[in-house]
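J.:
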DNA sequence: GCGACAG
DNA sequence: ATCTTGTCGC
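Residue numbers (the numbering used here): 544 to 772.
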């Protein structure tokens with residue numbers, strides 16, 4: 544775990560940090576297929592004064608029937624953390640609100656996973672440093688951003704069948720993909736977080752998509768963190 | 001100025 | 001994100 548900067552920053556300083564860190568995000572193919580995957584998610588107390596985080600670690604133990612997923616998983620461990628909420632929600636600055644608690648939860652894990660799937664954007668962000676990318680730099684591990692809705696970018700609606708996807712673009716640049724994880728259900732927004740390619744991110748997301756819209760790691764993290772409230 | 005806007 | 005249960009449909 545790396546501490547790249549402090550978190551008590553002004554909005555202007557936070558944006559500057561994003562611009563500087565974005566240049567360190569690595570777009571490289573995964574070295575090996577991840578065998579241990581962690582899902583990360585946050586939740587808030589009713590009055591919003593406390594922030595919770597849960598990291599659920601899963602081990603891939605096989606595949607359903609044929610080849611490309613979905614995976615079968617085995618629960619390894621779950622770590623949680625809670626802190627006082629210190630930063631407001633501002634579109635584009637989400638990581639300054641949620642990353643600190645996420646870091647605390649992940650630090651409690653007995654073993655670091657091969658890859659993290661995070662509820663939020665990766666590089667599909669105005670300054671190319673969404674929550675998943677920001678955390679990836681601190682973890683120095685592969686991360687994938689898997690958000691439930693769009694922050695920026697334009698796209699064509701993907702086909703209605705599970706597995707269909709279309710590129711998410713910002714001008715001429717492809718920043719992510721809109722992926723159908725379940726037939727006839729609203730797609731998710733996938734982007735590179737750190738140390739992987741968009742193709743890796745899409746493939747892993749689909750391999751983790753079972754019968755629900757939200758892929759298993761993030762889905763279970765959401766359940767775990769919701770129980771803390 | 002107006003509209004958009006992860007969780 | 002959160003306030004909130006049942007209910008209609010595949």
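In this text, a Cβ means the ideal position worked out from N, Cα and C, and glycines have one as well.
In the DSSP output, what is residue 618 paired with across the bridge?
T.: For the purposes of this step, residue 618 is taken as the residue at position 75 of the first chain. 601, per the DSSP bridge assignment.
J.: Identify whether residue 773 lies in helix, strand or coil by the three-state DSSP scheme.
T.: There is simply no residue 773 to check, as the chain begins at 544 and stops at 772 in what is shown.
J.: Assign residue 570 to buried or exposed, taking buried as 16 or more other Cβ atoms, counted over all protein chains shown, within 10 Å of its Cβ.
T.: By one-based count along the first chain, residue 570 stands at place 27. So residue 570 ends up on the exposed side.
J.: Report the rounded CA-to-CA distance for residue 642 versus residue 617, giving the unit in angstroms.
T.: The residue given as residue 642 occupies position 99 in the first chain. The residue given as residue 617 occupies position 74 in the first chain. When rounded, the distance between both Cα atoms is 26 Å.
J.: Using a Cβ-Cβ cutoff of less than 6 Å, which residues in the same chain neighbour residue 724 once the five nearest sequence positions on both sides are dropped?
T.: In the first chain, the residue the question calls residue 724 occupies position 181. Excluding positions up to five away in sequence, the list reads 731, 752 and 756.
J.: Which of helix, strand or coil does DSSP assign to residue 709?
T.: The sequence position of residue 709 within the first chain is 166, counting from 1. Residue 709: strand per DSSP, three-state reduction.
J.: Please classify residue 684 as buried or exposed, where buried requires at least 16 other C-beta atoms within 10 Å of its C-beta.
T.: Working through the first chain from its first residue, we reach residue 684 at position 141. Classification of residue 684: buried, given that the 10 Å Cβ count is 16 or more.
J.: Comparing C-alpha positions only, which one of 671, 657, 590 and 545 sits nearest to residue 559?
T.: Translated into positions along the first chain, residue 559 becomes position 16. Selected option, being the one with the closest Cα: 671.
J.: What does the alpha-carbon distance come out to for the pair residue 769 and residue 736?
T.: Counting from 1 along the first chain, the entry for residue 769 is found at position 226. Counting from 1 along the first chain, the entry for residue 736 is found at position 193. In a straight line, the C-alpha of residue 769 is about 24 Å away from that of residue 736.
J.: Rounding to the nearest angstrom, what Cα-Cα distance links residue 771 and residue 699 in this structure?
T.: In the first chain, residue 771 corresponds to position 228, counting from 1. In the first chain, residue 699 corresponds to position 156, counting from 1. Rounded to the nearest angstrom, the two C-alpha atoms are 38 Å apart.
J.: Apply the 10 Å Cβ neighbour rule to residue 634 and answer buried if 16 or more other Cβ atoms are within range, or exposed otherwise.
T.: The residue given as residue 634 occupies position 91 in the first chain. Residue 634 is exposed by the Cβ-count criterion.
J.: Can you check DSSP and say which residues form a bridge with residue 584?
T.: For the purposes of this step, residue 584 is taken as residue 41 along the first chain, with counting starting at 1. DSSP, once it has assigned bridges, lists 597 as partnering residue 584.
J.: Which term fits residue 578, buried or exposed, when burial requires 16 or more other beta carbons within 10 angstroms of its beta carbon?
T.: Counted from its first residue, the first chain places residue 578 at position 35. Label assigned to residue 578: exposed.
J.: Rounded to the nearest angstrom, what separates residue 548 and residue 703 at their Cα positions?
T.: As a first step, residue 548 must be located in the first chain, where it is residue number 5. As a first step, residue 703 must be located in the first chain, where it is residue number 160. If you take the alpha carbons of residue 548 and residue 703, they lie about 42 Å apart.
J.: Tell me which residues share the same chain as residue 658 and place their Cβ nearer than 6 Å to its Cβ, disregarding the 5 neighbours each side in the sequence.
T.: Residue mapping note: residue 658 aligns to position 115 of the first chain, counting from 1. Around residue 658: 577, 580 and 685.
J.: Got a sec? Which residues, its chain only, sit under 8 Å from residue 692 by beta carbon, not counting five neighbours each side?
T.: One-based indexing of the first chain puts residue 692 at position 149. Here the set comprises 732.
J.: Considering Cα atoms alone, identify which of 601, 762 and 625 is closest to residue 591.
T.: By 1-based counting over the first chain, the position of residue 591 is 48. Cα-wise, what sits closest to residue 591 is 625.
J.: Who are the near neighbours of residue 599 in its chain, counting only those whose CB is closer than 6 Å to its CB and skipping five residues on each side?
T.: Walking along the first chain from the start, residue 599 turns up at place 56. Around residue 599: 582, 621, 763, 764 and 767.
J.: Of the residues 551, 750 and 722, which one's Cα is nearest the Cα of residue 636?
T.: In the first chain, residue 636 corresponds to position 93, counting from 1. It is 551.
J.: Could you give the uninterrupted runs of the beta strand (DSSP E) lying entirely in the segment 618-695, keeping only those of 3 residues or more?
T.: 658-661 and 686-690
J.: Looking only at DSSP bridge pairs, what is residue 737 linked to?
T.: As a working note, residue 737 is residue 194 in the first chain. In the DSSP output, where bridge partners are listed per residue, residue 737 has 686.
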